[in-house]
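K.L.:
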Amino acid sequence: MDFGVLCVHAHPDDEAIWTGGTLARYSDEGARTAVVTCTWAEGTQRAGELERSLDILGAGKPRLLGYADARKPESAPGSPRLLDVPLDEAVRRVVEHIREFRPDVVLTYDGYGSYGHPDHVHVHRVTMAAVEAAGYDQLYRDAGDPWRPHAVYLATIPRSVVASHWRAVFGTPPEPGQTLPGVPDEHVTTHLDVGQWAERKWAAMHAHESEVGRGASMTLLTSLPEQARAQMLANEWYRRVSYTGASETALSGSRP
Ligand SMILES: [Zn+2]
56 MDFGVLCVHA HPDDEAIWTG GTLARYSDEG ARTAVVTCTW AEGTQRAGEL ERSLDILGAG
116 KPRLLGYADA RKPESAPGSP RLLDVPLDEA VRRVVEHIRE FRPDVVLTYD GYGSYGHPDH
176 VHVHRVTMAA VEAAGYDQLY RDAGDPWRPH AVYLATIPRS VVASHWRAVF GTPPEPGQTL
236 PGVPDEHVTT HLDVGQWAER KWAAMHAHES EVGRGASMTL LTSLPEQARA QMLANEWYRR
296 VSYTGASETA LSGSRP
């Protein structure tokens, strides 16, 4: 099967949390898989953890852009924050990976960054611009031959799933007017059952030892009651944005 899946993520650990089941599944099914990670530099502890996570998921070597995390200057000493580099520069860097890897599909966060982190929101915007730009031979002419993926899949959570776990995570129902992650269920186009790969995903998440250690973004998952956690690990949801209408090459719930 010549099918390429390229993820573009903000931080080491997002590849496991948001797309780990999809990556493990497609790797097992013979697809080419890879992950671009926009923040954290080579030589940092989290870059090493990313390498182990990618090993577990079968997703190749880290592709680090090496910018700094919005909130952690130590993530890339001496380098600008991803949020502060010119948009054109960040887009070009992602275009280079798209043209070199030639993915059929690109995976990134939804428009709300899946849960609102400013780096995630920015990576969504950069990736959408890069996927469009990568197909034009007039743009970034020295960044490889043009390539147009068939579709972008935006990692998200159906609102009904968010609602059903909110009380378990936070102990109280959401406040009226509170901003919730996720999208209305009818906006989810693609549901992948990754139950068979849930243990690999969990192992990849735990490769990020420093994040597990400080609670971090995995708090949500690790603090869930076991049944709810199993549900979150066994399912990944996306909004599909199509560039060619070629559904036969898309991610699907049953086969690639
Ligand atoms: Zn993140």
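Positions 56 to 311 (this note's numbering) are the ones given, in order, by the sequence shown.
In this text, a Cβ means the ideal position worked out from N, Cα and C, and glycines have one as well.
#1: Between which residues of its own chain and R107 is the CB-CB distance below 6 Å, once the five residues before and five after are set aside?
#2: Skipping 5 residues on each side, what residues in its chain have a beta carbon closer than 8 Å to that of V150?
#3: Report all residues from its chain with a CB closer than 6 Å to the CB of Q100; omit the five preceding and five following residues, and keep chain order.
#4: Can you find the residues in the same chain that come closer than 6 Å, C-beta to C-beta, to G250, ignoring five residues on each side of it along the sequence?
#5: I need the DSSP call for S309, collapsed to helix, strand or coil.
#6: Cutting at 6 Å between CB atoms, please list the residues of its own chain near S297, excluding the five before and the five after it.
#7: Name, in chain order, the residues that DSSP records as bridge partners for S297.
#8: Excluding the five sequence neighbours on either side, which residues of its own chain have a C-beta within less than 8 Å of the C-beta of R222, listed in chain order?
#9: Under 7 Å from any heavy atom of ligand 1, does the C-beta of D57 make it?
#10: What are the complete alpha helix (DSSP H) segments, minimum 4 residues, inside the region 188-267?
#11: Count the other CB atoms, across all protein chains shown, that sit within 10 Å of the CB of E104; report buried if there are 16 or more and exposed otherwise.
#12: Leaving aside the five residues before and after S309 along the sequence, list all residues of the same chain whose C-beta is less than 8 Å from its C-beta, in chain order.
#13: With a threshold of 7 Å, establish whether the CB of D174 neighbours any heavy atom of ligand 1.
#14: Per DSSP, what kind of secondary structure is V91 in: helix, strand or coil?
#15: Taking only heavy atoms of ligand 1 into account, decide whether any of them is closer than 7 Å to the Cβ of A259.
#16: Could you tell me if E291 is buried or exposed, where buried requires 16 or more neighbouring beta carbons within 10 angstroms of its beta carbon?
#17: Using the beta-carbon of each residue, find all residues closer than 5 Å to any heavy atom of ligand 1 and list them in chain order.
#18: Can you tell me whether DSSP reads A123 as helix, strand or coil?
P.N.:
Taking the coordinates as given:
#1: Non-local beta-carbon contacts of R107 in its own chain, meaning distances under 6 Å to residues more than five positions away in sequence, involve A262 in chain order.
#2: Contacts found: A185, A188, A189, L194, Y195, A198, G199.
#3: These residues qualify, in order along the chain: S265.
#4: Same-chain partners within the cutoff: A289.
#5: Legend: pLDDT at S309 = 40, less than 50; position of this residue unreliable, no value from coordinates given.
#6: So the list reads A206, once near-sequence residues are dropped.
#7: DSSP, once it has assigned bridges, lists A206 as partnering S297.
#8: Setting aside the 5 residues that flank it on each side, R222 is surrounded in the same chain by P228, each with a C-beta closer than 8 Å to its C-beta; the list follows chain order.
#9: Relative to ligand 1, the beta carbon of D57 is positioned no closer than 7 Å to any heavy atom.
#10: Listed in chain order, the complete alpha helix (DSSP H) runs (minimum 4 residues) inside the region 188-267 are 214-225, 253-261.
#11: With a 10 Å radius around the Cβ and a threshold of 16 neighbouring Cβ atoms, E104 comes out buried.
#12: For S309, the pLDDT reaches just 40, beneath the cut-off of 50, and the residue's location in the model is therefore unreliable, although a value from the coordinates is still provided. In the same chain as S309, and ignoring 5 residues on each side of it, no C-beta atom comes closer than 8 Å to its own.
#13: Between ligand 1 and the CB of D174, the shortest heavy atom gap is smaller than 7 Å.
#14: In this structure, DSSP gives V91 an extended state, which the three-state scheme calls strand.
#15: No.
#16: Its Cβ being crowded by 16 or more others within 10 Å, E291 is buried.
#17: My final list is A65, H66, D69.
#18: When secondary structure is reduced to three states using DSSP, A123 falls in the strand class.
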